[in-house]
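Down below is the structure, laid out as structure tokens.
If you want it as structure tokens, here you go:
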């Protein structure tokens with residue numbers, strides 16, 4: 057039986073690698089220190105696979121075909137698609153067996169994930185992997201959700217997807233060690249006049265709720281409440297996937313910096329799984 061050995065979430069602003077110098081040096085250093093703390097946690101946990109939940113940025117799907125969530129079950133994935141990201145493009149090894157186990161469990165649980173054996177990875181996944189596993193040595197199962205085009209999956213569905221992932225890991229007939237990562241958010245506006253603004257109060261509220269183990273309060277937020285933190289704040293769905301797999305246990309906030317030059321409230325958190333999940 058496989059086990060969950062690490063669980064965390066972090067913001068994936070593309071400028072964290074594409075134009076890091078635009079941020080104030082002290083704030084940039086604190087973000088990098090937080091990401092280094094997450095990387096060290098991955099290193100200590102020795103995972104044999106990473107399941108990373110992120111969101112679609114029109115790299116794989118468009119309005120003619122936009123599933124609520126798609127899991128990559130291929131032997132390899134390609135990324136990043138953005139040449140300007142300053143992350144070397146290449147192949148990321150997949151973990152088809154785990155991917156299929158999650159897919160099968162989703163059918164059992166009534167979630168019916170879409171799947172792909174040829175999934176392209178953009179900054180939503182690749183910026184995070186750049187920090188957590190820069191050598192791309194750990195096989196990856198990406199799960200790409202619709203966090204940008206209405207109607208979007210309900211917050212509770214994303215949380216339940218996390219619970220499905222947790223069940224799938226524990227039922228996976230393999231002696232493997234799995235890390236779970238949620239990638240996206242926090243507050244930011246994309247392609248609209250408010251781009252560059254940050255809702256620090258909303259960000260801190262969400263972090264405080266997750267740190268208190270109160271994912272229920274996050275799930276009660278309406279779309280209007282979320283959009284008070286920008287159209288990009290819907291990416292909190294990826295954080296809820298990890299919260300669901302953690303069955304609502306409290307998180308520990310690793311860092312938070314509102315970085316206007318990166319147009320994003322940059323947050324990071326982690327979960328203590330030392331007692332099992």
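Numbering (the numbering used here), first residue to last: 57 to 333. Heads up, the beta-carbon is just placed ideally off N, CA and C, and yes, glycines get one too.
For a quick check, are the C-beta atoms of residue 66 and residue 94 less than 8 Å apart? Position 10 of the chain shown, counted from the first residue, corresponds to residue 66. Position 38 of the chain shown, counted from the first residue, corresponds to residue 94. Yes, the pair counts as a contact, with Cβ atoms nearer than the cut-off.
Let's test the definition: count the other Cβ atoms within 10 Å of the Cβ of residue 187 and tell me whether it reaches 16, buried, or not, exposed. By 1-based counting over the chain shown, the position of residue 187 is 131. With 16 or more other Cβ atoms within 10 Å, it is buried.
Helix, strand or coil at residue 104 [DSSP, three-state]: Your numbering for residue 104 matches position 48 in the chain shown. Note: residue 104 maps to coil in three-state DSSP.
Report the rounded CA-to-CA distance for residue 208 versus residue 202, giving the unit in angstroms. For the purposes of this step, residue 208 is taken as residue 152 along the chain shown, with counting starting at 1. For the purposes of this step, residue 202 is taken as residue 146 along the chain shown, with counting starting at 1. Distance between the alpha carbons of residue 208 and residue 202: 6 Å.
Can you tell me which of the three DSSP states residue 276 falls into? Position 220 of the chain shown, counting from 1, holds the residue named residue 276. Here residue 276 sits in coil by DSSP.
Assuming the contact rule is C-beta atoms closer than 8 Å, residue 312 and residue 64 should be a hit. Round their C-beta distance to whole Å, please. The count along the chain shown starts at 1 and reaches residue 312 at position 256. The count along the chain shown starts at 1 and reaches residue 64 at position 8. Going by Cβ atoms, the distance from residue 312 to residue 64 rounds to 14 Å, so no, they are not a contact pair.
Tell me which residues share the same chain as residue 169 and place their Cβ nearer than 6 Å to its Cβ, disregarding the 5 neighbours each side in the sequence. Mapped onto the chain shown, residue 169 falls at position 113. Correct list, in chain order: 125, 127, 159, 162.
Reduced DSSP secondary structure (H/G/I, E/B, other) of residue 314: As a first step, residue 314 is located in the chain shown; it is residue number 258 there, counting from the start. Three-state result, residue 314: strand.
Residue 202 by DSSP, collapsed to three states: which one? What you label residue 202 is simply residue 146 of the chain shown in a count that begins at 1. Assigned with DSSP and collapsed to three states, residue 202 falls in coil, not helix or strand.
Could you give the residue range of the beta strand (DSSP E) that holds residue 324? For the purposes of this step, residue 324 is taken as residue 268 along the chain shown, with counting starting at 1. Counted as a single uninterrupted DSSP element, the beta strand (DSSP E) harbouring residue 324 occupies residues 320-327.
Taking the C-alpha atoms as reference points, what is the distance between residue 106 and residue 286? Here residue 106 corresponds to residue number 50 of the chain shown, with the count starting at 1. Here residue 286 corresponds to residue number 230 of the chain shown, with the count starting at 1. Whole-angstrom Cα-Cα distance: 28 Å.
Note down, one range per segment and in chain order, each alpha helix (DSSP H) of at least 4 residues found wholly within the region 58-83. 71-74
In whole angstroms, what is the alpha-carbon distance linking residue 234 and residue 195? The residue you call residue 234 lines up with position 178 of the chain shown. The residue you call residue 195 lines up with position 139 of the chain shown. Whole-angstrom Cα-Cα distance: 10 Å.
Can you tell me the Cβ-Cβ gap for residue 231 and residue 184, rounded? I've got them flagged as a contact below 8 Å. Counting from one through the chain shown, the residue named residue 231 turns up at place 175. Counting from one through the chain shown, the residue named residue 184 turns up at place 128. That pair is no contact at about 26 Å.
Counting Cβ pairs, one atom from each stretch, are 3 or more of them under 8 Å apart for the region 263-283 and the region 294-302? yes
Could you give the distance in angstroms between the alpha-carbon of residue 255 and the alpha-carbon of residue 102? Stepping through the chain shown from its first residue, residue 255 is reached at position 199. Stepping through the chain shown from its first residue, residue 102 is reached at position 46. If I take the Cα positions, the gap works out to 36 Å.
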